[in-house]
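Before any comments, here is the structure.
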Amino acid sequence: MCYNVAYLTKRKQKYAEHHGETDADVERLGKQLEAITEKHYNASGFIYPNLLVVTNKRPDDFQMLTWGMVPFFMRDVAHPKELKWNTLNCVGEKMFETKSYKNPAEKRRCLICLDGFYEPHHYKGVSYPFFIRHKNDDPMWVAGLWDDNGHIQTVSLVTVEASPLLGRIHNDKKRMPLILPHEMRRDWLSELESPADKDALRELIQPYDDELLTTYSVPPIRSNKKLGREAAGDTPEALEEYHYDALPEEYYREVIGA
DNA sequence: CCAGACGTTGTT
DNA sequence: GTCTGG
DNA sequence: CCAGACGTTGTT
DNA sequence: GTCTGG
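Under the working numbering, think of the first position of the first sequence as -8, with each following residue one higher.
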């Protein structure tokens, strides 16, 4: 889906430590995070939550932007829910060519800071939610595009072709968020000054290294009779591994590759 | 030319 | 604001 | 969340 | 009234 995410559910300071270059940076970023009270165990994009981001305009600050990008030219739209089309995700491979994203792709990129994200796995006509995070629980730096139409600052999450592991999990659409390797995250925010810069940026649009990820099935976020389990909602339970008897043990191993 | 779109992939 | 489709 | 739909699907 | 889809 790339429509459900978790952030700030664990030690806030980790985000500051990962992004700050100096001790002073880390301290300042840490203070910014302390001021942020919003966090989500499982937020659906369709409620248009705020996301924790670092933009190219302010690469050394955390900010909260509304999920669902409202293009700058939609001057009379006050909120993404008023848009007539879906801007929660942006297909990374096409971002320079699409009308709504081309401008943000060139000038307004950002990092979305996550603990992890959810993808649906389809088995015998039923959809099972899986959570994906770093094996070592590091924060995830996901590519985003942002915009400002004079009323609201908004963000779209960039997606890319799925890696082998994510393709087995998200087995109908085979897409995943564009997760940036930690050492590449600031490259996503760099200014484009030449065609070569644009090519370099395009090079970042790759599936992530599966070796760094772990994934497991979790309870449904909303009630769903087919899954035979109470909904977890946006609570700590949403992140906890939950085994579905309908999915054979052997099948789990094949999918997850464990 | 001009009206209309502008986007992506979930679930209950 | 800019592209697409009729 | 909230606007919009709310339905079915023949052949020898 | 309740489900679906964005």
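Ideal placement from N, C-alpha and C gives every residue a C-beta, glycine not left out.
No experiment lies behind these values; they were computed from the predicted model shown.
**Request:** Pick out whichever of PHE64, PHE63, MET60 and LEU42 has its Cα sitting closest to the Cα of GLN54.
**Result:** Selection PHE64, PHE63, MET60 and LEU42 evaluated against GLN54 yields LEU42 as nearest (Cα-Cα).
**Message:** So, does the region -8 to 11 touch the region 33 to 51, judging by three or more C-beta pairs under 8 Å?
**Reply:** Verdict: yes, contact present.
**Request:** May I have a chain-ordered list of the beta strand (DSSP E) segments no shorter than 3 residues that lie completely inside the region 88 to 166?
**Result:** Those beta strand (DSSP E) runs which fall completely within the region 88 to 166 and span 3+ residues are 100 to 105, 107 to 114, 117 to 125, 131 to 139 and 144 to 152.
**Asked** Does the beta-carbon of SER147 have 16 or more other beta-carbons within 10 angstroms, so that it is buried, or is it exposed?
**Response** Classification for SER147: buried.
**Prompt:** Counting pairs of Cβ atoms below 8 Å between the region 13 to 24 and the region 161 to 181, do you hit three or more?
**Reply:** Cβ pair count under 8 Å is below three, so no.
**Request:** Starting from the Cα of PHE37, find the closest Cα among VAL17, ASN77 and GLY141 and give me that residue.
**Result:** Minimum Cα-Cα distance from PHE37 among the listed residues VAL17, ASN77 and GLY141 corresponds to ASN77.
**Item:** Selection from THR205, LYS164 and ASP139 that minimises the alpha carbon distance to THR150
**Value:** Out of THR205, LYS164 and ASP139, LYS164 has the C-alpha closest to the C-alpha of THR150.
**Prompt:** What did DSSP end up calling LEU(-1) once you bin it into helix, strand or coil?
**Reply:** In this structure, DSSP gives LEU(-1) a state outside helix and strand, which the three-state scheme calls coil.
**Message:** Considering Cα atoms alone, identify which of ARG99, THR206 and GLY116 is closest to VAL246.
**Reply:** Minimum Cα distance to VAL246 is reached at THR206.
**Request:** Locate the alpha helix (DSSP H) running through ALA191, then write down its first and last residues.
**Result:** Judged by DSSP secondary structure, ALA191 falls within the alpha helix (DSSP H) whose first and last residues are 186 to 194.
**Asked** Using the rule of at least 16 other Cβ atoms within 10 Å of the residue's Cβ for burial, across every protein chain shown, is ALA26 buried or exposed?
**Response** Its Cβ having fewer than 16 others within 10 Å, ALA26 is exposed.
**Message:** Quick check: the Cα distance between ARG2 and GLU184, rounded to an integer number of angstroms?
**Reply:** In a straight line, the C-alpha of ARG2 is about 37 Å away from that of GLU184.
**Asked** Looking at the structure shown, is ARG220 part of a helix, part of a strand, or coil, going by DSSP?
**Response** In the structure shown, ARG220 sits in a strand (DSSP, three-state: E or B).
**Integer Cβ distance of VAL133 from LEU105, believed to fall under 8 Å** = About 6 Å separates the CB atoms of VAL133 and LEU105; that is less than 8 Å, so the two are in contact.
**Message:** On the CB-based measure, 16 or more other CB atoms within 10 Å of its CB, does THR145 come out buried or exposed?
**Reply:** Looking at its Cβ environment, which holds 16 or more other Cβ atoms inside 10 Å, THR145 is buried.
**Request:** Determine the DSSP secondary structure at MET55, reduced to helix, strand or coil.
**Result:** MET55 falls in the strand class under three-state DSSP.
**Prompt:** Taking the DSSP output, what are the residues bridged to SER35?
**Reply:** Residue pairing by DSSP places SER35 opposite ASN(-5) in a beta bridge.
**Request:** Since I believe ASN140 is in contact with CYS101 (beta carbons under 8 Å), could you give me their beta-carbon distance rounded to a whole number of angstroms?
**Result:** So it is not a contact: roughly 16 Å between Cβ atoms.
**Asked** With burial defined as no fewer than 16 other Cβ atoms inside 10 Å of the residue's Cβ, what is the status of PRO172: buried or exposed?
**Response** It is exposed - the Cβ of PRO172 has fewer than 16 other Cβ atoms within 10 Å.
**Prompt:** Do you know how far the Cα of ASN80 is from the Cα of GLU159?
**Reply:** What sits at residue 159 in the sequence shown is Arg, not Glu. Straight across, the Cα-Cα distance linking ARG159 with ASN80 is about 20 Å.
**Prompt:** Buried or exposed: ALA187, going by 16 or more other Cβ atoms within 10 Å of its Cβ?
**Reply:** Around the beta carbon of ALA187, fewer than 16 other beta carbons lie within 10 angstroms, which makes this residue exposed.
**Three-state secondary structure assigned by DSSP to VAL45** = Correct three-state label for VAL45: strand.
**Message:** For ILE170, list the residues DSSP reports as bridge partners.
**Reply:** In DSSP, ILE170 forms a bridge with VAL133.
**Item:** Opposing strand residues paired with VAL82 [DSSP bridges]
**Value:** Looking at the DSSP output, VAL82 shares a beta bridge with THR150.
**Prompt:** Taking all protein chains shown into account, do 16 or more other C-beta atoms lie within 10 angstroms of the C-beta of ASN127, making it buried, or fewer, making it exposed?
**Reply:** Looking at its Cβ environment, which holds fewer than 16 other Cβ atoms inside 10 Å, ASN127 is exposed.
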